[in-house]
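As numbered in the numbering used here, residues 26 to 88 make up the sequence shown, in order.
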Amino acid sequence: MLLQLNDPAIANLIVSIPKPISQRLIEGLKKVLKAVKKTLLETEEHSEIRSLVDQISTKLETL
26 MLLQLNDPAI
36 ANLIVSIPKP
46 ISQRLIEGLK
56 KVLKAVKKTL
66 LETEEHSEIR
76 SLVDQISTKL
86 ETL
């Protein structure tokens, strides 16, 4: 897996981005993840990917 949700380097990278830009980035990612989740729910497949999307969404909510 290329992305580790608990990787401090990712958190540090996001924190180093100026606040207005990081907020837009986070909001954009949330929209993308919501669309991905909706598509996955419609197909009723890919439970592992859905779980990953849920984990990423939860992490984004804490930023």
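Quick reminder that beta carbons are idealized off the backbone N, C-alpha and C, glycines included.
Report task. Would you grab the beta carbon distance between residue 42 and residue 50 for me? Rounded to a whole angstrom, and I think it's under 8 Å. Result -> In the sequence shown, counting from the first residue as 1, residue 42 sits at position 17. In the sequence shown, counting from the first residue as 1, residue 50 sits at position 25. Contact between residue 42 and residue 50 holds: CB atoms are separated by about 7 Å, below the 8 Å threshold.
**Report entry** residue 58 vs residue 82 beta-carbon contact at 9 Å
**Finding:** Residue mapping note: residue 58 aligns to position 33 of the sequence shown, counting from 1. Residue mapping note: residue 82 aligns to position 57 of the sequence shown, counting from 1. Against a cut-off of 9 Å, the Cβ pair of residue 82 and residue 58 comes out as a contact.
Query raised in the report: Do you know how far the Cα of residue 87 is from the Cα of residue 34?
Result: The residue given as residue 34 occupies position 9 in the sequence shown. The residue given as residue 87 occupies position 62 in the sequence shown. Annotation: residue 34 to residue 87 spans about 16 Å, alpha carbon to alpha carbon.
Query raised in the report: Whose C-beta lies closer than 6 Å to the C-beta of residue 61 among residues of the same chain, with five residues either side of it excluded?
Result: Stepping through the sequence shown from its first residue, residue 61 is reached at position 36. Once the five neighbours on either side are set aside, the close Cβ partners of residue 61 are 78.
Query raised in the report: Distance, Cα to Cα, residue 68 vs residue 48?
Result: On the sequence shown, residue 68 is found 43 positions in, with the first residue counted as 1. On the sequence shown, residue 48 is found 23 positions in, with the first residue counted as 1. Separation of residue 68 and residue 48 (C-alpha to C-alpha, rounded to the nearest whole angstrom) is 31 Å.
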